[in-house]
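One structure below.
In the numbering used here, the protein residues as written are 937 to 1232.
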């Protein structure tokens, strides 16, 4: 018997009937936060995003269609390896490799930013040529941090080893070593330099630094704490949601998206708006990437 007044299913966007075989996007929740160095709680991020997404309207007024109609499937939460960040990344990579091999786009829901290295490693292992578009308040470019090369502070150092090209947007917190590295000015658009730029100009700069096929990694602290306070390290003077989504939309008019992640949501009890924002952001990226690919 089907209940007439049942709550939406517990999956991303509360989709009534999800089918892995026909889905174009597979969401992989990874509740992991073992290498965080300031605020904790990102292990609760995937659950909060999924919970908030169940209350969303699936028609996107901004995009003029229903991205869920392209097919989105949510897996069970992946169990991290709490003894080793490197083994956790390897575990995520194995799951992402299966998803990509089945011709689907992985969406990794973090958890701390380290989880982004899983799908990047999977793309590399499968021989896919890709570039990384990185949205973050921090450069995440340390070679090693707190005894590991697989820290949230080392994500882009590892990404540059895996991908052909990388481009960072919204950075406003860097180490002195990074500041002295002249190569960073070629692949990073700092927040202070974005003032007065429109989304199209920013997207053109990013696209010039990327190949045709891209992976997008989004650390939610790229957003201003006024809109996104629920992160471990809320840096002031950040991007706004409308600006972020506009840039992503412009980029995806020019580039093919192979996969993406949304990371570093650290839910604040009683404050639902940031969780809802993260869910809407995930949906918007899917909508931009798959516009016109409704299931028939």
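Where a beta carbon is used, it is the ideal one built from N, C-alpha and C, also for glycine. These figures come from a predicted structure and were not determined experimentally.
Item                                                                                                           : Value
8 Å Cβ cutoff met for residue 1188 and residue 1224                                                            : yes
Between the CA atoms of residue 1042 and residue 1150 - distance to the nearest angstrom                       : 12 Å
As assigned by DSSP and simplified to three states, the class of residue 1192                                  : strand
Beta-bridge partners of residue 1175, as assigned by DSSP                                                      : 1159
CB contact flag (residue 966, residue 1047, <8 Å)                                                              : yes
Classification of residue 956 by the beta-carbon crowding that lies within 10 angstroms, buried from 16 upward : exposed
Residue 1042, enclosing beta strand (DSSP E) - first and last residue                                          : 1041-1046
First and last residue of the uninterrupted alpha helix (DSSP H) at residue 1239                               : With the chain represented from 937 up to 1232, any question about residue 1239 goes unanswered, as that position is not in the structure.
C-alpha gap between residue 1013 and residue 1170, whole angstroms                                             : 26 Å
Paired residues, beta bridge with residue 996 - DSSP                                                           : 1001
Status (buried if at least 16 other CB within 10 Å, exposed otherwise) for residue 1113                        : exposed
Of the residues 1016, 1002, 1142, the one placed nearest residue 964, counting alpha carbons only              : 1016
Enclosing alpha helix (DSSP H) for residue 1008 [first to last residue]                                        : Here residue 1008 belongs to no alpha helix (DSSP H); instead the beta strand (DSSP E) covers 1008-1010.
Touching by the beta-carbon criterion (3+ pairs, under 8 Å), the segment 1084-1104 and the segment 1127-1140   : no
Inside the segment 1076-1134 only - alpha helix (DSSP H) runs reaching at least 4 residues                     : 1091-1098, 1112-1116, 1120-1123
Beta-bridge pairing of residue 1067 - partner residues as DSSP gives them                                      : 1101, 1150
7 Å CB neighbourhood of residue 1102 in its chain, flanking five on each side removed                          : 1067, 1068, 1070, 1092, 1095, 1096, 1123
Residue 1211 versus residue 1049: straight-line alpha-carbon distance, rounded                                 : 16 Å
Residue 1217, DSSP secondary structure in three states                                                         : helix
Identified DSSP bridge partners for residue 1197                                                               : 1044, 1153
Contact set for residue 1077: own chain, Cβ-Cβ below 6 Å, skip 5 residues either direction                     : 1092, 1093, 1114
When 1206, 1213, 1194, 1207 are compared against residue 1044, the one with the closest alpha-carbon           : 1194
Alpha-carbon to alpha-carbon, residue 942 and residue 1061                                                     : 42 Å
Separation of residue 1106 from residue 1216, as counted between CA atoms                                      : 19 Å
8 Å Cβ cutoff met for residue 1133 and residue 1174                                                            : no
Inter-residue spacing [alpha-carbon to alpha-carbon] between residue 1033 and residue 991                      : 30 Å
Residue 1034 - DSSP class collapsed to helix/strand/coil                                                       : helix
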